[in-house]
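Line by line, the protein sequences are chains C and P. Read in my numbering, the first sequence has 87 at position 20, and its numbers run on one by one without any break. Read in my numbering, the second sequence has 54 at position 45, and its numbers run on one by one without any break. Note that beta-carbon positions come from the ideal geometry of N, C-alpha and C, so glycine has one too. Note that this is a predicted model, so its numbers are computed, not measured. Have a look at the structure below before the remarks.
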Amino acid sequence: NAGVTQTPKFRILKIGQSMTLQCTQDMNHNYMYWYRQDPGMGLKLIYYSVGAGITDKGEVPNGYNVSRSTTEDFPLRLELAAPSQTSVYFCASRRPGNYGYTFGSGTRLTVV
Amino acid sequence: SQELEQSPQSLIVQEGKNLTINCTSSKTLYGLYWYKQKYGEGLIFLMMLQKGGEEKSHEKITAKLDEKKQQSSLHITASQPSHAGIYLCGADIRTASKLTFGTGTRLQVTL
Numbered sequence: 068n069a070g071v072t073q074t075p076k077f078r079i080l081k082i083g084q085s086m087t088l089q090c091t092q093d094m095n096h097n098y099m100y101w102y103r104q105d106p107g108m109g110l111k112l113i114y115y116s117v118g119a120g121i122t123d124k125g126e127v128p129n130g131y132n133v134s135r136s137t138t139e140d141f142p143l144r145l146e147l148a149a150p151s152q153t154s155v156y157f158c159a160s161r162r163p164g165n166y167g168y169t170f171g172s173g174t175r176l177t178v179v
Numbered sequence: 010s011q012e013l014e015q016s017p018q019s020l021i022v023q024e025g026k027n028l029t030i031n032c033t034s035s036k037t038l039y040g041l042y043w044y045k046q047k048y049g050e051g052l053i054f055l056m057m058l059q060k061g062g063e064e065k066s067h068e069k070i071t072a073k074l075d076e077k078k079q080q081s082s083l084h085i086t087a088s089q090p091s092h093a094g095i096y097l098c099g100a101d102i103r104t105a106s107k108l109t110f111g112t113g114t115r116l117q118v119t120l
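Printed below as a string of structure tokens:
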């Protein structure tokens, strides 16, 4: 099992550019999440999904969009990159119920 | 304000010493998770606690969830350099489907 796979691992964007951070899991987990981690800080929830076709906003959704067309994939879209979006992005998934979250290895994004 | 407060924010201990990290919430916790993060890397799951009074151990790391389910502690016995990293507590606070994180505790272990 690959678990939760995130691509790319690193990316530098110019202000105003757009990109999609990919996240896929092979554990058939219903719940998927996107977090960002700023330097020296904990993780903040951007968006989450409890199943295919269902998404909802977290604490810091502005500037981002998501979609969940399949159980496996949960891409995060940045439309107009801003320096404030420089961060490390983590995708996570889990089964419904009292189970732990599995995290990907992260995408380090720099907006210049 | 932070819904989950971790203390201390950073810690430097000598190898072989014991240490404790605390995670406090103003609300009842549905589930409490401890993760470790090596600098620049992803999160490694350590333990999950759900029941008030629950205690779990793995190797030299023990975590407890207090009876009122609003505070957890992580205790490391006889620390080693391999324990260095950032320890994050995460909790299901409002609902059992969204994990809220504390700000983390940065641990350094000196020789």
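C-alpha distance - Thr174(C) paired with Asp140(C), whole-angstrom precision: As a first step, residue 174(C) is located in the first sequence; it is residue number 107 there, counting from the start. As a first step, residue 140(C) is located in the first sequence; it is residue number 73 there, counting from the start. Going by the C-alpha atoms only, they are around 16 Å apart.
Cα-Cα separation between Gln73(C) and Ser154(C), rounded to whole angstroms: For the purposes of this step, residue 73(C) is identified with residue 6 of the first sequence, where counting begins at 1. For the purposes of this step, residue 154(C) is identified with residue 87 of the first sequence, where counting begins at 1. Distance between the alpha carbons of Gln73(C) and Ser154(C): 15 Å.
Secondary structure at Gln152(C), three-state DSSP: helix, strand or coil? The sequence position of residue 152(C) within the first sequence is 85, counting from 1. Gln152(C): helix per DSSP, three-state reduction.
For the putative contact between Glu14(P) and Gly111(P), defined by C-beta atoms under 8 Å, what is the C-beta separation to the nearest angstrom? Residue 14(P) sits at position 5 when you count from the first residue of the second sequence. Residue 111(P) sits at position 102 when you count from the first residue of the second sequence. About 6 Å; that satisfies the 8 Å criterion.
Taking C-alpha atoms, which residue in Ser116(C), Asn95(C) and Gly70(C) lies nearest to Leu108(P)? One-based indexing of the second sequence puts residue 108(P) at position 99. The option with the nearest alpha carbon to Leu108(P) is Ser116(C).
Looking at C-alpha atoms only, which residue of Gln152(C), Arg135(C) and Thr87(C) is the closest neighbour of Asn97(C)? On the first sequence, position 30 is the one that residue 97(C) refers to. Checking every option, the nearest Cα to that of Asn97(C) belongs to Arg135(C).
Range of the contiguous beta strand (DSSP E) that encloses Arg103(C): Counted from its first residue, the first sequence places residue 103(C) at position 36. Looking at the DSSP string, the run of the beta strand (DSSP E) that includes Arg103(C) is Tyr98 to Gln104.
Nearest-angstrom Cα distance between Ile70(P) and Ala149(C)? Working through the second sequence from its first residue, we reach residue 70(P) at position 61. Working through the first sequence from its first residue, we reach residue 149(C) at position 82. Ile70(P) and Ala149(C): Cα-Cα distance of roughly 40 Å.
What is the rounded straight-line gap between the Cα of Thr87(C) and the Cα of Pro142(C)? Indexing the first sequence from 1 puts residue 87(C) at position 20. Indexing the first sequence from 1 puts residue 142(C) at position 75. Near 6 Å, if we compare the C-alpha coordinates of Pro142(C) and Thr87(C).
What are the residues in the region 35-46 of chain P lying within 8 Å of chain C by C-beta distance? Gly40, Tyr42 and Tyr44
Considering Cα atoms alone, identify which of Thr114(P), Lys60(P), Thr37(P) and Gly61(P) is closest to Leu83(P). One-based indexing of the second sequence puts residue 83(P) at position 74. Among Thr114(P), Lys60(P), Thr37(P) and Gly61(P), the Cα nearest to that of Leu83(P) belongs to Thr114(P).
Which chain C residues are close to Gly51(P), counting only those with a beta carbon under 8 Å from its beta carbon? Locating residue 51(P) in the second sequence gives position 42, counting from the first residue. Correct list: Phe157, Phe170, Gly171, Ser172 and Gly173.
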